[in-house]
Amino acid sequence: MPGKVIIIDYGSQVTQLIARRVREAGVYSEIHSCVTTAEQVRAMRPDALILSGGPASVGEENAPALDPGLLLLGVPILGICYGMQLLAQELGGSLARSLTREYGPTELTLTAPCALWAGVQDASRVWMSHGDKVTTPPPGFAVTGRTPTLAVAAMADEERKIYGVQFHPEVHHSVEGERILHNFLFQVAGLAADWTMSSFVQRTVAEMARRIGKSHVVCALSGGIDSTVVAVLLHKAIGRNLHCIFVDNGLLRQNEAQDVASCLREYFDLNLTVVQAQQRFLSRLKGVEDPEKKRKIIGHTFIEIFEEEAKKLPQVDFLAQGTLYPDVIESVSHKGPSAVIKSHHNVGGLPQTMHLKLIEPLRELFKDEVRKVAAELGMPESIVWRQPFPGPGLAIRVLGEVTEDRLHILRAADSIVQQELRASGWYRKVWQGFAVLLPLRTVGVMGDGRTYEHVVALRVVDSVDAMTADWTRLPADLVARISGRIINEVQGVNRVVYDVSSKPPSTIEWE
Ligand code: XMP
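Using this note's numbering, the letters of the sequence shown correspond one by one to residues 534 to 1044.
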């Protein structure tokens, strides 16, 4: 039986990063809300616990507390930031409140030997984000590290294998963070690095099969990697009791609808309904220019169709979604198991009136991890490496009114962008690359004549999770080739511009 680390989430923005680092180390981990009781945690049979950071102040009203029973489980514990402060308070140390937060890099100096410090430099850069601090560690604890502003930046009780670090070892900016976490997992907790994406697949499939039983599940497929991975995992778990719905809204890329449907049917034998709804979407978008209105119309129309289709199915109890960690706006921390789920999603908000229970097997993963799962599931490269595509599709890349003609121009330009990015090897290196049709005409000269035609913007960005992004420094000759082909091959376009804005303050999509 592989080892298991339970991460107790006190609401830090980076709790998921802790889980990710543990996974990267080859150890299975689960994140549980801080309202989970020690008895529930005991039943999960953890081999080690990590207490996350969090925004609250220990002891203030409604601040999440540490269940003292966790300290009696007899497994090694690492408290990070708020987690360390909780340990200090619970075990008899003292804390000082602060109204100002220390945020950013600082230097950690090791002050005493500690199992976490094996192979760690005596002084290294770490990343901090805290207000309160531990002033005296609890009895039995040694102070093991300090920073210029913190006398107790780390503490350890080697006897009981309880450790606290005020900094965040899970973030990349903490230079020795990975080694420190590895020391906790392997030296202190004695775990083995035996967990892989294939274990993720097995475990997820088994858990979903158990949870769903003989019930039916509906899943909205967008053709993107996230919902496709969810569908394939569910297909493994419950076979034909999974019902996938793919809505062709007429706002897809060139040949996308056909490619997606045939790929899903060929490779995975999914129970798939393709709904042809191009006209319904386009007629509702007629005359609409405002981006938010477009998004709402598309979202509502999608829900309407989804509900119509779901009614035709046998009794469905679950709705499966490809929500990833960066999609989860609200932390589940203080709310317990029935947390509210973010409505922004690749299918644009889903039917809440249907009272379906949610299945979101990817909600703890980052995009690159989903790609690994997809590869593990044997998905074709065309899906594994497909770039993200927004739920409202090309409607938010045709600025201004969405018409069949304008979509036609954008599709042709976009298809050239895709071809050239692929052919040059840049497709996989960038987060997204696409064309945008601007609501402008400019003057040009073609042959001997004046033209007055559309402008296409080329948007190519680097990002790790779409929260921030920077424009990709594509080689100039590649930009030139894309531009030349669009202007020559796409009728109605006489100018291409390259978007050199980062996010923030711009966004990746133009609308
Ligand atoms: P922005 O434009 O907000 O986009 O910087 C961030 C990422 O999200 C994608 N995006 C969407 N995805 N539904 C989606 O599923 C949407 O309504 C939506 N809007 C933007 C965008 O392509 C980028 O990857």
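Beta carbons: idealized from backbone N, C-alpha and C, even for Gly.
Remember, it's a predicted structure, so these values are computed and weren't measured experimentally.
Taking Q965 as part of the beta strand (DSSP E), name the residues at either end of that continuous run.
Here the beta strand (DSSP E) through Q965 covers 965–979.
Measure the C-alpha to C-alpha separation of S866 and E709 and round it to an integer number of angstroms.
Because S866 carries a pLDDT of 37, less than 50, the predicted location of this residue cannot be relied on, and the following value inherits that uncertainty. Rounded to whole angstroms, S866 to E709 spans 27 Å at the Cα level.
Looking at I517 and ligand 1, is the gap between the Cβ and the nearest heavy atom below 6 Å?
Residue 517 is absent from the model: the chain starts at 534 and stops at 1044.
Any heavy atom of ligand 3 closer than 6 Å to the CB of E1042?
Of the ligands one can find in the structure shown, namely ligand 1, none is ligand 3.
Does the distance from the CB of T639 to the CB of R679 come in under 7 Å?
If you check the CB distance, T639 and R679 do not come in under 7 Å.
How about V734 and E937: are their beta carbons less than 7 Å apart?
Not closer than 7 Å, so no.
Would you mind giving the Cβ-Cβ distance between K694 and V721, rounded to the nearest angstrom? I have them listed as a contact below 8 Å.
Between K694 and V721, the beta carbon gap of about 6 Å places them in contact (Cβ cut-off 8 Å).
Own chain residues within Cβ distance below 7 Å of E934, not counting five before or after:
Counting only Cβ-Cβ distances below 7 Å, and skipping sequence neighbours, we find G820, V821, E822.
Quick one: what's got a C-beta closer than 8 Å to I929's C-beta in the same chain, skipping five residues either side?
P824, K827, R828, P923, E1042, W1043, E1044, listed in sequence order.
Assess, as a yes-or-no matter, whether the segment 680–690 is touched by the segment 600–607 under the definition of 3 or more beta carbon pairs within less than 8 Å.
Taking a cut-off of 8 Å on C-beta distances, the segment 600–607 does not touch the segment 680–690, as fewer than three cross pairs fall below it.
Skipping 5 residues on each side, what residues in its chain have a beta carbon closer than 6 Å to that of W650?
Answer for W650: L643, listed in chain order.
Between T975, V997, S1016, D1003, which lies nearest to L991 when the distance is taken from Cα to Cα?
Of the candidates T975, V997, S1016, D1003, S1016 places its Cα closest to the Cα of L991.
Taking the C-alpha atoms as reference points, what is the distance between L724 and P1038?
Between the alpha carbons of L724 and P1038 lies a gap of roughly 43 Å.
Give a yes or no on whether the C-beta atoms belonging to A726 and G559 are separated by under 7 Å.
For A726 and G559, yes; Cβs fall inside 7 Å.
Of the residues E1022, N1027, R1014, T1001, the one placed nearest S1034, counting alpha carbons only:
T1001 is the residue among E1022, N1027, R1014, T1001 whose C-alpha sits nearest the C-alpha of S1034.
Would you report the Cα separation of S748 and N774, rounded to the nearest angstrom?
When rounded, the separation of the alpha-carbon atoms in S748 and N774 is 7 Å.
Suppose contacts are defined by Cβ-Cβ distances below 7 Å. Is A810 in contact with V849 by that definition?
For A810 and V849, no; Cβs fall outside 7 Å.
Pull up the CB-CB distance for L628 and V667, whole angstroms please, since I reckon it's below 8 Å.
Correct: roughly 6 Å between the Cβ atoms.
Touch check for the segment 746–765 and the segment 900–908: three-plus C-beta pairs under 8 Å?
By the Cβ rule, the segment 746–765 counts as touching the segment 900–908, because three or more pairs are nearer than 8 Å.
Every unbroken alpha helix (DSSP H) within the segment 788–829, with a cutoff of 4 residues, ordered by chain
For secondary structure counted as the alpha helix (DSSP H) over 4 or more consecutive residues, the segment 788–829 holds these complete runs in sequence order: 789–801, 811–818.
Reducing DSSP to helix, strand and coil, say where P702 ends up.
If DSSP states are grouped into helix, strand and coil, P702 belongs with coil.
Name the two residues that bound the continuous alpha helix (DSSP H) containing T761.
Going by DSSP, T761 is part of the alpha helix (DSSP H) stretching over 758–771.
If contacts are defined as beta-carbon pairs under 8 Å, then L697 and W660 qualify, I think. What distance do you get, rounded to the angstrom?
Before going on, a small fix: residue 697 reads as Gly here, not Leu. Not really, about 16 Å apart at Cβ, beyond 8 Å.
Is it buried or exposed for H706, if we count other Cβ within 10 angstroms and need 16 for buried?
So H706 counts as exposed.
Is K826 near ligand 1, with its Cβ less than 6 Å from a heavy atom?
K826: no, Cβ never under 6 Å from ligand 1.
Do H776 and L846 come within 7 Å of each other at the CB atom, strictly closer than that value?
Yes, the pair counts as a contact, with Cβ atoms nearer than the cut-off.
Under 7 Å, do V591 and L619 count as touching if we go by C-beta distance?
In this structure, V591 lies near L619, with their beta-carbon atoms less than 7 Å apart.
Report the CB separation of W959 from D995 in whole angstroms; it is logged as a contact under 8 Å.
Going by Cβ atoms, the distance from W959 to D995 rounds to 10 Å, so no, they are not a contact pair.
Any heavy atom of ligand 1 closer than 6 Å to the beta-carbon of P670?
For P670, the shortest separation between its Cβ and any heavy atom of ligand 1 does not lie below 6 Å.
Among the candidates G586, P609, A742, whose CA atom is the shortest distance from the CA of M617?
The shortest Cα separation from M617 among G586, P609, A742 belongs to G586.
Look at the alpha carbon of I539 and the alpha carbon of E986, and state the distance between them as a whole number of angstroms.
Their backbone Cα atoms lie some 59 Å apart in a straight line.
Do the CB positions of E711 and V547 come within less than 7 Å of each other?
In terms of Cβ geometry, E711 and V547 do not form a close pair [threshold 7 Å].
What is the DSSP secondary structure of Y636, counted as helix, strand or coil?
Here Y636 sits in strand by DSSP.
N- and C-terminal bounds of the alpha helix (DSSP H) containing I929
Note, I929: premise wrong, no alpha helix (DSSP H); not H, not E.
Less than 7 Å between the C-beta atoms of Q699 and C614, yes or no?
Contact flag set, yes.
Flag this pair as yes or no: are the beta carbons of V1012 and I1019 separated by less than 7 Å?
Result no, Cβ atoms of V1012 and I1019 do not sit closer than 7 Å.
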